Amino acid sequence: MFNPLTDAPGLVSGSLEFLLGILFFPTVFFTFQYMLKYTWLGAKFCQQFKLKNHGIYDISNKLTSTTFAILACSCGLYVYSNCGDDVFKDRFYILDNYLIFGVSYFFYDIGSMYMVYRTQDSEDVNFSAADIIRFLVDGPLILLHHLLVPVIGFPTMMIYRGGQGDCMLGTSFLVEASTPFVSLRVILVHLGLKNSRLYMVNGVLMVVTFFLCRIAIFPVLYCWYIRLEGWSGQIGRAHV
Numbered sequence: 001m002f003n004p005l006t007d008a009p010g011l012v013s014g015s016l017e018f019l020l021g022i023l024f025f026p027t028v029f030f031t032f033q034y035m036l037k038y039t040w041l042g043a044k045f046c047q048q049f050k051l052k053n054h055g056i057y058d059i060s061n062k063l064t065s066t067t068f069a070i071l072a073c074s075c076g077l078y079v080y081s082n083c084g085d086d087v088f089k090d091r092f093y094i095l096d097n098y099l100i101f102g103v104s105y106f107f108y109d110i111g112s113m114y115m116v117y118r119t120q121d122s123e124d125v126n127f128s129a130a131d132i133i134r135f136l137v138d139g140p141l142i143l144l145h146h147l148l149v150p151v152i153g154f155p156t157m158m159i160y161r162g163g164q165g166d167c168m169l170g171t172s173f174l175v176e177a178s179t180p181f182v183s184l185r186v187i188l189v190h191l192g193l194k195n196s197r198l199y200m201v202n203g204v205l206m207v208v209t210f211f212l213c214r215i216a217i218f219p220v221l222y223c224w225y226i227r228l229e230g231w232s233g234q235i236g237r238a239h240v
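Written out as structure tokens, the structure is:
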């Protein structure tokens, strides 16, 4: 039986993983949306905080982003905690399997962001050509990011690295550790809690995790790589 922790993805298993991701992330998004809109507790919550469609869509989007981040960080921590002596050649097929599953998130998120964008000035989500063009024009950088990751980043991580560097790639997944705090910040704004103590505490945690996991992590990975390359060179010279 296929085990994503230890088995390399094949054509069939990889296709199923991608399709699972295509179904999973929209399901999470619409589940949160349904809970806020149609359950008794959700309706009471929306009434208390005066949430309309824009807030409901945006909160659902941020909770789905948090779900993606938790899964990515869990995968990264698993790889990092199991790295052995041969950091360059240790293989962790959970990375390949998660990359195939997780790349679908970026396609889902484009649609989700459009729904959030469209409900800024309307309670309904329309998919007219004019609205779509306006959405593309207003957010070119974030859209470019969401397209470059699947088109360039995914092939690079899956194919061109040649199955090496799993430990470093897995560790780099920890860049998503700041996402839950970024998402909570937006959610608290929707709830009118911008002046609350929770907002301030979350802001501190967001800044700290953003610095550590999205900025400082890359020099650390670079130094890690240089140190290992130095050791590799010394070992090679010792055998000559």
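Position one of the sequence shown corresponds to residue 1 (my numbering), numbered consecutively onward.
Just so you know, even glycine gets a beta-carbon here, dropped at the ideal spot from N, CA and C.
Since this is a predicted model, take the numbers as computed values, not measurements.
Spatially closest choice to residue i from the options, by CA coordinates
{"i": "K62", "options": "V116, F211 and L5", "result": "V116"}
{"i": "F32", "options": "M168, T66, S104 and Y225", "result": "T66"}
{"i": "V137", "options": "Y114, F30 and D124", "result": "Y114"}
{"i": "Y78", "options": "S172, I133, H145 and Y38", "result": "S172"}
{"i": "L193", "options": "Y38, W40, K50 and C223", "result": "K50"}
{"i": "N82", "options": "C167, R197 and F68", "result": "C167"}
{"i": "F210", "options": "L147, N195 and L174", "result": "L174"}
{"i": "Y225", "options": "D86, Y199 and K37", "result": "D86"}
{"i": "K52", "options": "S122, G153 and T6", "result": "S122"}
{"i": "G84", "options": "G165, V220, M1 and V208", "result": "G165"}
{"i": "F320", "options": "P150, F45 and T64", "result": "Past the edges of the chain, shown from 1 to 240, lies residue 320, and the structure says nothing about it."}
Under the three-state DSSP convention, the category residue i falls into
{"i": "R237", "result": "Residue placement at R237 is flagged as unreliable, the pLDDT there being 47, under the threshold of 50; the coordinate-derived value follows with that caveat. Three-state DSSP puts R237 in a helix."}
{"i": "T31", "result": "helix"}
{"i": "N195", "result": "coil"}
{"i": "K62", "result": "helix"}
{"i": "E123", "result": "coil"}
{"i": "A177", "result": "helix"}
{"i": "L5", "result": "coil"}
{"i": "C83", "result": "coil"}
{"i": "C223", "result": "helix"}
{"i": "K44", "result": "helix"}
{"i": "L212", "result": "helix"}
{"i": "F218", "result": "helix"}
{"i": "K37", "result": "helix"}
{"i": "L228", "result": "helix"}
{"i": "F25", "result": "helix"}
{"i": "S128", "result": "coil"}
{"i": "D90", "result": "coil"}
{"i": "V149", "result": "helix"}
{"i": "G163", "result": "coil"}
{"i": "L51", "result": "coil"}
{"i": "G139", "result": "coil"}
Proximity below 8 angstroms, CB of residue i to CB of residue j
{"i": "P26", "j": "Y108", "result": "yes"}
{"i": "L228", "j": "L169", "result": "no"}
{"i": "F218", "j": "S112", "result": "no"}
{"i": "G21", "j": "S104", "result": "yes"}
{"i": "R118", "j": "N126", "result": "yes"}
{"i": "L71", "j": "I110", "result": "no"}
{"i": "M206", "j": "V182", "result": "yes"}
{"i": "P140", "j": "F106", "result": "no"}
{"i": "S60", "j": "L36", "result": "yes"}
Given 8 angstroms as the limit, is there contact between the stretch 88-102 and the stretch 6-19, that is, 3 or more CB pairs closer than that?
-> The way I'd put it, the stretch 88-102 does touch the stretch 6-19; three or more beta-carbon pairs between them come closer than 8 angstroms.
Touch test, the stretch 50-65 against the stretch 86-95, Cβ-Cβ under 8 angstroms, three pairs minimum
Under the Cβ criterion (8 angstroms, minimum of three pairs), the stretch 50-65 does not count as touching the stretch 86-95.
#### Entry: Meets three-Cβ-pair contact criterion under 8 angstroms: the stretch 162-180 and the stretch 207-215
yes
**Request:** Determine, using beta-carbon pairs with one atom in the stretch 144-164 and one in the stretch 186-204, whether at least three such pairs fall under 8 angstroms.
**Result:** no
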